[in-house]
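K.L.:
2 protein chains.
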Amino acid sequence: MAISADILRGHTDAIILAQLVAGDSYGYEINKHVTERTGGAYGFKEATLYTAFKRLEQNGLITSYWGEDGPGARRRYYAVTQAGMAKLAAERQEWNETKGVLDALISWKEEP
Amino acid sequence: MAISADILRGHTDAIILAQLVAGDSYGYEINKHVTERTGGAYGFKEATLYTAFKRLEQNGLITSYWGEDGPGARRRYYAVTQAGMAKLAAERQEWNETKGVLDALISWKEEP
DNA sequence: ACGATATACCTCGCCTGTCAAGGTATTTTT
DNA sequence: AAAAATACCTTGACAGGCGAGGTATATCGT
Chain A
422 MAISADILRG HTDAIILAQL VAGDSYGYEI NKHVTERTGG AYGFKEATLY TAFKRLEQNG
482 LITSYWGEDG PGARRRYYAV TQAGMAKLAA ERQEWNETKG VLDALISWKE EP
Chain B
422 MAISADILRG HTDAIILAQL VAGDSYGYEI NKHVTERTGG AYGFKEATLY TAFKRLEQNG
482 LITSYWGEDG PGARRRYYAV TQAGMAKLAA ERQEWNETKG VLDALISWKE EP
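Here the protein sequences line up with chains A and B, keeping their order.
Just so we're aligned, residue 422 is where the first sequence starts under the working numbering, counting upward by one.
Just so we're aligned, residue 422 is where the second sequence starts under the working numbering, counting upward by one.
Structure follows, in structure tokens:
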């Protein structure tokens with residue numbers, strides 16, 4: 422993983438919520454999507470992922486249910502709630518601001 | 422502060438190093454510059470700042486010395502080391518990658 | 001002159017998020 | 001039949017941010 426988790430710390434919830442907006446999913450699949458979408462540059466550690474699910478559910482941002490049929494029965498699916506969508510919107514907003522702020526703080530070259 | 426510290430967690434060292442590249446400075450001033458440069462959107466809490474200095478110095482990324490003359494005597498100045506510059510370069514690189522990664526993960530709109 | 005505010009430093013201990021390590025069980029591939 | 005992938009989960013340690021508390025000097029308004 423090219424990106425250290427410390428750098429993305431605090432964005433875990435937003436990442437998960439964003440994946441779930443595209444449709445209900447489960448831990449293993451979400452993580453695979455994250456890895457694929459970033460070209461292998463980032464992925465969650467399992468403990469991080471499941472702790473995040475627990476936190477998100479306790480905060481009412483996602484709900485969960487067990488898969489029913491065949492092989493899927495071992496999967497716990499997660500769905501984003503209305504509160505979760507609102508949270509994601511806020512986090513996206515904050516992320517856009519963060520980009521500007523950090524660019525101003527570390528990426529500038531010289532003073533005029 | 423519009424940007425929560427959790428979101429910037431892990432970037433504290435880079436921000437400080439970037440300020441010091443522009444010239445030796447001390448805690449209070451660095452923090453004022455950060456606040457000004459971000460239009461008030463972000464600033465360090467004092468405890469965060471001083472623990473960061475300690476960490477950076479222990480890691481050999483900065484050195485420090487007391488100001489000498491008059492009112493400046495109460496100020497502890499910090500200077501970035503060669504290792505600190507290298508670290509900053511690496512952090513800038515990582516930040517650029519992070520932007521791409523997080524945009525891909527939370528800011529995309531729809532699948533084709 | 002004097003009180004308020006700004007400047008300037010520092011430490012202790014709590015809280016939160018990450019994650020190494022360990023565990024279980026089924027399904028698919030070789 | 002063995003190996004690898006899929007799929008879930010918990011515990012405890014660790015690190016960074018920071019609230020709260022502390023000290024001392026300089027400057028500004030009245």
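No residue lacks a Cβ here, since even glycine has one placed at the ideal position from N, Cα and C.
Would you report the Cα separation of N517 of chain A and E489 of chain B, rounded to the nearest angstrom?
P.N.:
42 angstroms
K.L.:
What's the C-alpha gap between Q479 of chain A and A511 of chain A?
P.N.:
Distance between the alpha carbons of Q479 of chain A and A511 of chain A: 19 angstroms.
K.L.:
Tell me which residue opens and which closes the beta strand (DSSP E) that T484 of chain A is part of.
P.N.:
I483 to W487
K.L.:
Of all the options B:T433, B:Q503 and B:F474, which has the alpha carbon lying nearest to the alpha carbon of Y463 of chain B?
P.N.:
Among B:T433, B:Q503 and B:F474, the Cα nearest to that of Y463 of chain B belongs to B:T433.
K.L.:
Who are Y499 of chain A's beta bridge partners in DSSP?
P.N.:
Partner(s): A:S446 and A:S485.
K.L.:
Within its chain, find whatever has a CB closer than 7 angstroms to the CB of L470 of chain A; leave out the 5 residues flanking it on each side and keep chain order.
P.N.:
G448 and N452
K.L.:
Inspect the beta-carbon positions of S446 of chain B and Y486 of chain B and report whether they are closer than 8 angstroms.
P.N.:
no
K.L.:
To the nearest angstrom, how far is the alpha carbon of R430 of chain B from that of L523 of chain A?
P.N.:
Taking the straight line joining both Cα atoms gives about 11 angstroms.
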